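In what follows, a structure is listed as structure tokens, so that the remarks can point back to it.
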Amino acid sequence: MQCGRFELDLGRPLIMGILNVTPDSFSDGTGSVSPQQILDRAHCMIEDGADMIDVGGESTRPGADPVPLQQELDRVLPIIEALRSTGVPLSVDTFKPEVMRRALEAGADMINDIRALQEPGAIDVVAGSRCGLCIMHMQGEPRSMQQAPRYDDVLREVRDFLAERVQVLREAGIDNRRIVLDPGFGFGKTAGQNYSMLRHLETMTVDGLPWLLGLSRKSMLGHVVGREPRERVAASLAAALFGLEKGAHILRVHDVAETVDAVKIWLTLKDESFV
Ligand code: YH5
Numbered sequence: 635m636q637c638g639r640f641e642l643d644l645g646r647p648l649i650m651g652i653l654n655v656t657p658d659s660f661s662d663g664t665g666s667v668s669p670q671q672i673l674d675r676a677h678c679m680i681e682d683g684a685d686m687i688d689v690g691g692e693s694t695r696p697g698a699d700p701v702p703l704q705q706e707l708d709r710v711l712p713i714i715e716a717l718r719s720t721g722v723p724l725s726v727d728t729f730k731p732e733v734m735r736r737a738l739e740a741g742a743d744m745i746n747d748i749r750a751l752q753e754p755g756a757i758d759v760v761a762g763s764r765c766g767l768c769i770m771h772m773q774g775e776p777r778s779m780q781q782a783p784r785y786d787d788v789l790r791e792v793r794d795f796l797a798e799r800v801q802v803l804r805e806a807g808i809d810n811r812r813i814v815l816d817p818g819f820g821f822g823k824t825a826g827q828n829y830s831m832l833r834h835l836e837t838m839t840v841d842g843l844p845w846l847l848g849l850s851r852k853s854m855l856g857h858v859v860g861r862e863p864r865e866r867v868a869a870s871l872a873a874a875l876f877g878l879e880k881g882a883h884i885l886r887v888h889d890v891a892e893t894v895d896a897v898k899i900w901l902t903l904k905d906e907s908f909v
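Here our numbering is used: the first residue of the sequence shown is 635, the next is one more, and so on.
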């Protein structure tokens, strides 16, 4: 996969560490964020074996409020600049074309867009670059999407949406080698619909494009095991390994060290020459 400065080998699973740059994750008590704490966390994830870092300045959790443009820029740009020299690909979790543009100027390698580049101008910003693109499905808006998800056939509808976005990107001259797809777990889906997507991931493939899965600590796991998000690590690992069996290529996770170990065992089990 082409991903900005990098050519990623998807022959083995890649682990994307989640770096939230939002006050709910790193607060100094005044509602602002301490950059050093965030950078420490990023370096820790890289040490733990993260293959890439996903920097997010807007909380897109269900029910979350939108973040103004300038605030998102102020959160995300210094982090990208500081992490550029680490040698790991930097992804930016944003749907705002202006954040995409400034992030790419600052050296980001990938745009991770929960709105699949549907905002006006988004495609123009990324078309002239070599950045990787994660295209995700979402039904509705983050504020209200979990209120009443509705599908006749979630697998077909998510797949058709992704296929349509890939077609639009192709028409804009964007090479498929830059694209990774994401079914969008928790983005306007019931727990049952989320599990159905994971169970049948291979039936949703578009043009053989790779999958990125964001399952880490999500409510669909809490739905089964109970537990607060921070206590969902084991549940996240089980779901992640099932995703790999279903053909996933990139895992977006909070718990990098634990996921690296789990993936190592999965790879060992796959390796029939290890006897
Ligand atoms: C994703 O799936 N998700 S932000 C609620 C949680 C735990 C985690 C209650 N950005 C995705 O991570 N980008 C987010 O527990 C994403 N795929 C991609 N590509 C939500 C999140 C979360 C929400």
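Heads up, the beta-carbon is just placed ideally off N, CA and C, and yes, glycines get one too. Since the structure is predicted, the reported quantities are computational estimates derived from the model, not experimental observations.
Spatial neighbours of P817 within its chain, please: C-beta separation below 6 Å, excluding the five flanking residues on both sides. H771, V792, M831
Let me know the secondary structure DSSP gives I757 once reduced to three states. In this structure, I757 counts as helix in the three-state DSSP scheme.
Buried or exposed: which applies to P702, given that a residue is buried once 16 or more other Cβ atoms fall within 10 Å of its Cβ? exposed
Alpha carbons only, please: which of N746, R790, H834, T824 is nearest the one belonging to I813? N746
Environment of E913 [buried if 16+ CB atoms lie within 10 Å]: With the chain running from 635 to 909 in the structure shown, residue 913 is simply not present.
Cα separation between G638 and G690? 18 Å
Tell me the residue span of the alpha helix (DSSP H) that contains R790. DSSP places R790 inside the alpha helix (DSSP H), whose first and last residues are 788-805.
Taking DSSP as the reference, what is the three-state secondary structure of R886? strand
According to DSSP, simplified to helix, strand and coil, what is Q636? Looking at Q636 - three-state DSSP - the assignment turns out to be strand.
Measuring only the C-alpha atoms, how far is C678 from G766? Going from the Cα of C678 to the Cα of G766 covers about 24 Å.
Residues in the same chain with beta-carbon distance under 6 Å from P696, minus the five sequence neighbours each way, listed in chain order, please. Only Q780 meet the Cβ criterion.
Per DSSP, which residues does S725 bridge with? Please list them. In the DSSP output, where bridge partners are listed per residue, S725 has D688, M744.
Coil, strand or helix - M779 by DSSP: Note: M779 maps to coil in three-state DSSP.
Three or more beta-carbon pairs under 8 Å between the stretch 821-829 and the stretch 796-806, yes or no? no
Looking at L815: is its Cβ nearer than 9 Å to the Cβ of V800? yes
Bounding residues of the beta strand (DSSP E) (the contiguous stretch that carries C678): Where C678 is concerned, there is no enclosing beta strand (DSSP E), although the alpha helix (DSSP H) it sits in stretches over 669-681.
Roughly how many whole angstroms lie between the Cα atoms of V867 and A874? 10 Å
With C-beta atoms as the reference, is D688 less than 9 Å away from V726? yes
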